[in-house]
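Everything in the sequence shown is counted per my numbering, starting at 15 for the first residue and increasing by one. Where a beta carbon is used, it is the ideal one built from N, C-alpha and C, also for glycine. Everything below concerns the one structure shown next.
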Amino acid sequence: MCGITGWASFQKNLKASEKVLQAMTRTLNRRGPDDENIWCSEHIAFGHRRLAVIDLIGGKQPMKKLHDGINYVITYNGELYNTEELRKELEKRGHTFTTHSDTEVLLTAYIEWKEQCVDFLNGIFAFGIWDEQEQSLFLCRDRLGVKPLYFTEQQGGILFASEVKALLAHPMVQAAINTEGLASMMAVGPSRAPGKTLFQNIEELRPGFAMRFSREGLRKWQYWQLQSRKHEETLEETIEQVRWLLTDAIERQLISDVPICTFLSGGLDSSIITGIAADRFRQQNNQLHTYSIDYEDNERFFNPHAFQTSTDTYWIQKMTEAFKTTHHAEEITQQQLIDLLVESVIVRDSPGMADVDSSLLWFCREIKRDFTVALSGECADEIFGGYPWFKEKTTGFPWIRSLAERNAILQEKWDKKLKIESYAQQLYTQTITEVPLLDGESPAEVKHREMFYLNMQWFMQTLLERKDRMSMGASLEVRVPFADHRLVEYAWNIPWEMKNLDGIEKGLLRKSMAHLLPDEVLYRKKNPYPKTYHPVYTAGVQTWLREILKDKNSILHELFEYKKLTELIESGGSSFKIPWYGQLMAGPQLLAYLGQIHSWFEHYHIQLIES
15 MCGITGWASF QKNLKASEKV LQAMTRTLNR RGPDDENIWC SEHIAFGHRR LAVIDLIGGK
75 QPMKKLHDGI NYVITYNGEL YNTEELRKEL EKRGHTFTTH SDTEVLLTAY IEWKEQCVDF
135 LNGIFAFGIW DEQEQSLFLC RDRLGVKPLY FTEQQGGILF ASEVKALLAH PMVQAAINTE
195 GLASMMAVGP SRAPGKTLFQ NIEELRPGFA MRFSREGLRK WQYWQLQSRK HEETLEETIE
255 QVRWLLTDAI ERQLISDVPI CTFLSGGLDS SIITGIAADR FRQQNNQLHT YSIDYEDNER
315 FFNPHAFQTS TDTYWIQKMT EAFKTTHHAE EITQQQLIDL LVESVIVRDS PGMADVDSSL
375 LWFCREIKRD FTVALSGECA DEIFGGYPWF KEKTTGFPWI RSLAERNAIL QEKWDKKLKI
435 ESYAQQLYTQ TITEVPLLDG ESPAEVKHRE MFYLNMQWFM QTLLERKDRM SMGASLEVRV
495 PFADHRLVEY AWNIPWEMKN LDGIEKGLLR KSMAHLLPDE VLYRKKNPYP KTYHPVYTAG
555 VQTWLREILK DKNSILHELF EYKKLTELIE SGGSSFKIPW YGQLMAGPQL LAYLGQIHSW
615 FEHYHIQLIE S
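Here's what the structure looks like:
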């Protein structure tokens, strides 16, 4: 993967903007440690940082292509998984290629089909293409939002980048947060409203959206959305189709010119990917390497409960024995976990998921020592119904059950200004109105469609953002086969009774892979990403928060009731009775999140605008 930047303006001559683009682009050096290039023209400037994965020599960017006397230029972050099919189709249409890169295939697809090129792409991507003939910039993001793309309109022009930090490196862009940004942070954080960031005047292009900037202004549109239809296939046909789509997605994503491995927790999703990948490697007389993460002394301090019933060790061993993988069990110390809490904020450009972020950042750096590409199991729960809330009667966002508690720790001034409960309800209602429903469906069927849509637009986006930032913060490319748009489109219309086959979470997915996995792994109860229960971690974040509160200028004093904060700290976070977010963001994880809010304001010198 890579990092991209760009600036388009018809009011300025950008030929001399190289230093500005260089400053923006160098903030993304971790996304692309292998190469950096800048290209500037009169009304457009592109930057690119490259992590070389495919066509190590020929895939340099920004890439320019001349066709019928017209120049087209691309800066691109992502990976296409149907490159060869597209190349053959384009060659049939008279196009020629000088590299083996998917970058040139994507640029040529635009030359042939213009905006409709995205309909032909299978992959994860965010890119900008300058069309010299039309004098316009075309920007696009992949269907499920695996790859990020941020933008801001400034002085009649537009700036875009893979990460917010690159936009903030431009002298026209200021780091500021207004009341809406604060409401978002307090009501739905660490999630964000679709298309929004916490920063004032900085937006994110939503998944499945594209836009074009020209002399006529900025035009934005949705090029892909889920289509609801009646599911006609039998159970056996559905099982077979899920098996084929998922296997094809995984096998397509094993293509790489650099070493590739898989994440393995011993859970269903990572085990499916590992099993299929290991079989493919074996056919090529290779052995797959797998990686897992655990915490120092976790066996000693682990506290099983309904959401996290066991550690992963036993199931990982079952998988490595069954598929003969070379396994690397990485163990992070409590101090390493604490030390990376601030850096993970800087990598993410926002307060994140506390030690879930910092541990993943560390883990990805360990993998990067030997590998450049890894496959991971994100998105399976959102499209096949793996979370407890798919079976519960809920109102509002089911992963945010703490709105009253969040409100209670705010300063009275911000309680009145932010109105976080009504703000969250407004966002929920707005999302529900987008759900593509099918005439004649029962109230129960409608409710399930709404729940799946909410998960894909919100919870899944938070996890994908986390995986992209933490992995790219380690210069590691992570691919997510469950986000294959063909699989998502098919699963969208499968009835809940099939998805929840035999009353088991993701029962259909399990059945489709019964030929592949050991039974114990196949029917293991879902466990989330592991967390630490070590008292040393709790003590460490308590100490950190106490030090922060000594700073009278800390934003925490401005936002929160001091007495409530000190109660939280002294209780190790347990005085906040409901997880802040999801199932496990509680106790010391909540303290760490508050510390990340402080670090975010401090590092980015954020101006608070009380509008």
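Beta-carbon contacts of residue i that lie in its chain and below 7 Å, excluding the five residues immediately before and after
{"i": "residue 431", "result": "193"}
{"i": "residue 371", "result": "358, 362, 480 and 484"}
{"i": "residue 563", "result": "570 and 579"}
{"i": "residue 51", "result": "62, 74, 75 and 76"}
{"i": "residue 31", "result": "21, 54 and 59"}
{"i": "residue 168", "result": "186 and 187"}
8 Å contact criterion, which residue i and residue j should meet: CB distance rounded
{"i": "residue 473", "j": "residue 584", "result": "Not confirmed; about 31 Å, so no contact."}
{"i": "residue 189", "j": "residue 618", "result": "5 Å"}
{"i": "residue 475", "j": "residue 159", "result": "6 Å"}
{"i": "residue 178", "j": "residue 211", "result": "6 Å"}
{"i": "residue 278", "j": "residue 305", "result": "7 Å"}
{"i": "residue 217", "j": "residue 165", "result": "6 Å"}
{"i": "residue 130", "j": "residue 228", "result": "Contact flag wrong, Cβ pair sits at about 17 Å."}
Alpha-carbon to alpha-carbon, residue j and residue i
{"i": "residue 119", "j": "residue 226", "result": "20 Å"}
{"i": "residue 465", "j": "residue 56", "result": "47 Å"}
{"i": "residue 203", "j": "residue 197", "result": "9 Å"}
{"i": "residue 491", "j": "residue 503", "result": "25 Å"}
{"i": "residue 438", "j": "residue 220", "result": "19 Å"}
{"i": "residue 580", "j": "residue 342", "result": "40 Å"}
{"i": "residue 557", "j": "residue 360", "result": "21 Å"}
{"i": "residue 417", "j": "residue 435", "result": "6 Å"}
{"i": "residue 74", "j": "residue 161", "result": "19 Å"}
{"i": "residue 518", "j": "residue 144", "result": "49 Å"}
{"i": "residue 273", "j": "residue 582", "result": "45 Å"}
{"i": "residue 623", "j": "residue 191", "result": "6 Å"}
{"i": "residue 601", "j": "residue 87", "result": "50 Å"}
{"i": "residue 539", "j": "residue 330", "result": "14 Å"}
{"i": "residue 240", "j": "residue 398", "result": "15 Å"}
{"i": "residue 550", "j": "residue 609", "result": "17 Å"}
{"i": "residue 469", "j": "residue 427", "result": "32 Å"}
{"i": "residue 121", "j": "residue 106", "result": "16 Å"}
{"i": "residue 97", "j": "residue 110", "result": "14 Å"}
{"i": "residue 532", "j": "residue 234", "result": "47 Å"}
{"i": "residue 246", "j": "residue 507", "result": "9 Å"}
6 Å CB neighbourhood of residue i in its chain, flanking five on each side removed
{"i": "residue 521", "result": "514 and 515"}
{"i": "residue 496", "result": "393 and 394"}
{"i": "residue 290", "result": "261 and 264"}
{"i": "residue 410", "result": "442"}
Span of the alpha helix (DSSP H), counted from its first residue to its last, around residue i
{"i": "residue 525", "result": "521 to 526"}
{"i": "residue 138", "result": "Per DSSP, residue 138 belongs to no alpha helix (DSSP H); it is in the beta strand (DSSP E), 137 to 145."}
{"i": "residue 307", "result": "No alpha helix (DSSP H) contains residue 307, which is instead part of the beta strand (DSSP E) from 303 to 309."}
{"i": "residue 225", "result": "That residue, residue 225, is in no alpha helix (DSSP H); its beta strand (DSSP E) goes 223 to 228."}
{"i": "residue 360", "result": "348 to 362"}
{"i": "residue 375", "result": "369 to 382"}
{"i": "residue 12", "result": "Only positions 15 to 625 of the chain appear in this structure, which leaves residue 12 out of reach."}
{"i": "residue 126", "result": "116 to 127"}
C-beta atoms of residue i and residue j nearer than 8 Å
{"i": "residue 484", "j": "residue 378", "result": "yes"}
{"i": "residue 505", "j": "residue 555", "result": "no"}
{"i": "residue 501", "j": "residue 135", "result": "no"}
{"i": "residue 312", "j": "residue 323", "result": "no"}
{"i": "residue 113", "j": "residue 72", "result": "yes"}
{"i": "residue 153", "j": "residue 139", "result": "no"}
{"i": "residue 65", "j": "residue 489", "result": "yes"}
{"i": "residue 587", "j": "residue 598", "result": "no"}
{"i": "residue 176", "j": "residue 68", "result": "no"}
{"i": "residue 280", "j": "residue 535", "result": "yes"}
{"i": "residue 243", "j": "residue 499", "result": "no"}
{"i": "residue 95", "j": "residue 266", "result": "yes"}
{"i": "residue 356", "j": "residue 613", "result": "yes"}
{"i": "residue 213", "j": "residue 155", "result": "no"}
{"i": "residue 510", "j": "residue 548", "result": "no"}
Delimiting residues of the beta strand (DSSP E) encompassing residue i
{"i": "residue 94", "result": "84 to 94"}
{"i": "residue 171", "result": "171 to 175"}
{"i": "residue 695", "result": "Since the displayed the chain opens at 15 and closes at 625, residue 695 lies outside it and no answer follows."}
{"i": "residue 51", "result": "49 to 54"}
{"i": "residue 234", "result": "231 to 236"}
{"i": "residue 22", "result": "16 to 22"}
{"i": "residue 277", "result": "274 to 277"}
{"i": "residue 77", "result": "77 to 81"}
{"i": "residue 499", "result": "Not the beta strand (DSSP E): residue 499 falls in the alpha helix (DSSP H), residues 499 to 506."}
Same chain only: Cβ atoms within 8 Å of residue i, ignoring 5 sequence neighbours per side
{"i": "residue 147", "result": "84"}
{"i": "residue 678", "result": "With the chain represented from 15 up to 625, any question about residue 678 goes unanswered, as that position is not in the structure."}
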